Amino acid sequence: MASDASNLVVGEIIEIKYRVQRPWGAHGSEQSLSDRWIAAEIIHQDDDSLPMARLSDGQLTDIRAYMTWRRIPGLNGVSSRS
(Lines of atoms letter the chains of each structure in order from A and count residues from 1; the text may use other names and numbers.)
(Lines give C-alpha, C1' and ligand atoms only; values in the text may rest on other atoms or scores of the structure.)
Protein backbone atom coordinates (compact mmCIF):
# COMPACT_ATOMS: atom_id res chain seq x y z
CA MET A 1 0.00 0.00 0.00
CA ALA A 2 1.29 3.42 -0.83
CA SER A 3 -0.46 5.56 1.76
CA ASP A 4 -0.63 9.28 2.30
CA ALA A 5 2.57 10.09 4.16
CA SER A 6 1.30 13.49 5.32
CA ASN A 7 -0.19 12.00 8.49
CA LEU A 8 3.04 10.35 9.68
CA VAL A 9 4.43 11.73 12.93
CA VAL A 10 7.98 12.13 14.20
CA GLY A 11 9.00 9.03 16.15
CA GLU A 12 6.63 6.72 14.30
CA ILE A 13 8.12 3.42 13.14
CA ILE A 14 7.22 2.18 9.65
CA GLU A 15 8.51 -0.35 7.16
CA ILE A 16 9.45 0.61 3.60
CA LYS A 17 9.40 -1.95 0.79
CA TYR A 18 12.54 -2.15 -1.34
CA ARG A 19 13.19 -4.40 -4.33
CA VAL A 20 16.72 -5.80 -4.21
CA GLN A 21 18.73 -8.10 -6.45
CA ARG A 22 19.66 -11.49 -5.03
CA PRO A 23 22.12 -13.88 -6.67
CA TRP A 24 20.91 -17.39 -7.52
CA GLY A 25 21.82 -20.24 -9.81
CA ALA A 26 25.15 -21.95 -10.19
CA HIS A 27 27.80 -19.96 -8.34
CA GLY A 28 25.44 -16.97 -7.97
CA SER A 29 25.89 -16.12 -11.62
CA GLU A 30 22.28 -15.02 -12.20
CA GLN A 31 20.18 -12.38 -10.48
CA SER A 32 16.61 -12.39 -9.24
CA LEU A 33 14.58 -9.61 -7.65
CA SER A 34 13.25 -9.96 -4.14
CA ASP A 35 11.09 -7.65 -2.02
CA ARG A 36 12.49 -6.66 1.36
CA TRP A 37 10.80 -4.64 4.12
CA ILE A 38 13.16 -2.31 5.98
CA ALA A 39 12.22 -0.65 9.29
CA ALA A 40 12.49 3.13 9.50
CA GLU A 41 11.77 5.84 12.05
CA ILE A 42 10.19 9.14 10.99
CA ILE A 43 12.64 11.87 12.06
CA HIS A 44 11.17 14.94 10.33
CA GLN A 45 7.68 15.95 9.22
CA ASP A 46 6.24 19.31 8.28
CA ASP A 47 3.73 20.68 5.78
CA ASP A 48 6.34 22.13 3.41
CA SER A 49 8.41 19.02 2.66
CA LEU A 50 8.30 15.25 2.38
CA PRO A 51 8.57 13.24 5.61
CA MET A 52 12.13 12.08 6.29
CA ALA A 53 12.97 8.72 7.83
CA ARG A 54 16.09 7.02 9.18
CA LEU A 55 16.34 3.44 7.92
CA SER A 56 17.44 0.69 10.30
CA ASP A 57 20.87 0.70 8.61
CA GLY A 58 21.30 4.42 9.40
CA GLN A 59 20.62 5.86 5.93
CA LEU A 60 18.18 8.75 5.52
CA THR A 61 15.38 8.82 2.96
CA ASP A 62 12.39 10.96 2.06
CA ILE A 63 9.05 9.15 2.01
CA ARG A 64 7.97 9.74 -1.59
CA ALA A 65 4.52 9.17 -3.11
CA TYR A 66 5.66 6.17 -5.20
CA MET A 67 7.14 4.31 -2.20
CA THR A 68 5.27 1.39 -0.70
CA TRP A 69 5.30 1.55 3.08
CA ARG A 70 3.25 0.29 6.02
CA ARG A 71 2.79 1.11 9.66
CA ILE A 72 3.94 -1.40 12.24
CA PRO A 73 0.94 -2.17 14.49
CA GLY A 74 1.41 -1.07 18.08
CA LEU A 75 4.25 1.35 17.33
CA ASN A 76 2.35 4.31 15.85
CA GLY A 77 3.59 7.59 17.27
CA VAL A 78 6.00 5.85 19.66
CA SER A 79 9.62 6.91 19.56
CA SER A 80 12.25 4.18 19.56
CA ARG A 81 14.34 6.44 21.79
CA SER A 82 13.27 6.78 25.42
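Our numbering puts the sequence shown at residues 37 to 118.
Positions of the beta carbon are idealized from the N, C-alpha and C atoms, including for glycine.
Computed from a predicted model, the values in this text were never measured in an experiment.
What are the boundary residues of the beta strand (DSSP E) that residue i is part of?
i   : result
S92 : No beta strand (DSSP E) contains S92, which DSSP labels as neither H nor E.
D98 : L96 to D98
Compute the beta-carbon to beta-carbon distance between residue i and residue j, rounded to the nearest angstrom, for a pair I have assumed lies under 8 angstroms.
i    : j   : result
R100 : L86 : 6 angstroms
R55  : S68 : Actually they do not touch by this definition, with Cβ atoms about 11 angstroms apart.
Determine which residues share a DSSP beta bridge with residue i and list them.
i   : result
Q81 : Looking at the DSSP assignment, Q81 forms no beta bridge with any residue, so it has no partner.
S70 : V56
I50 : A76 and R107
Going by the CB atoms, is the gap between residue j and residue i shorter than 9 angstroms?
i   : j   : result
I50 : I79 : no
K53 : M88 : no
Going by CA-CA distance only, name the one from the options that's closest to residue i.
i   : options          : result
G47 : R90, T97 and G94 : R90
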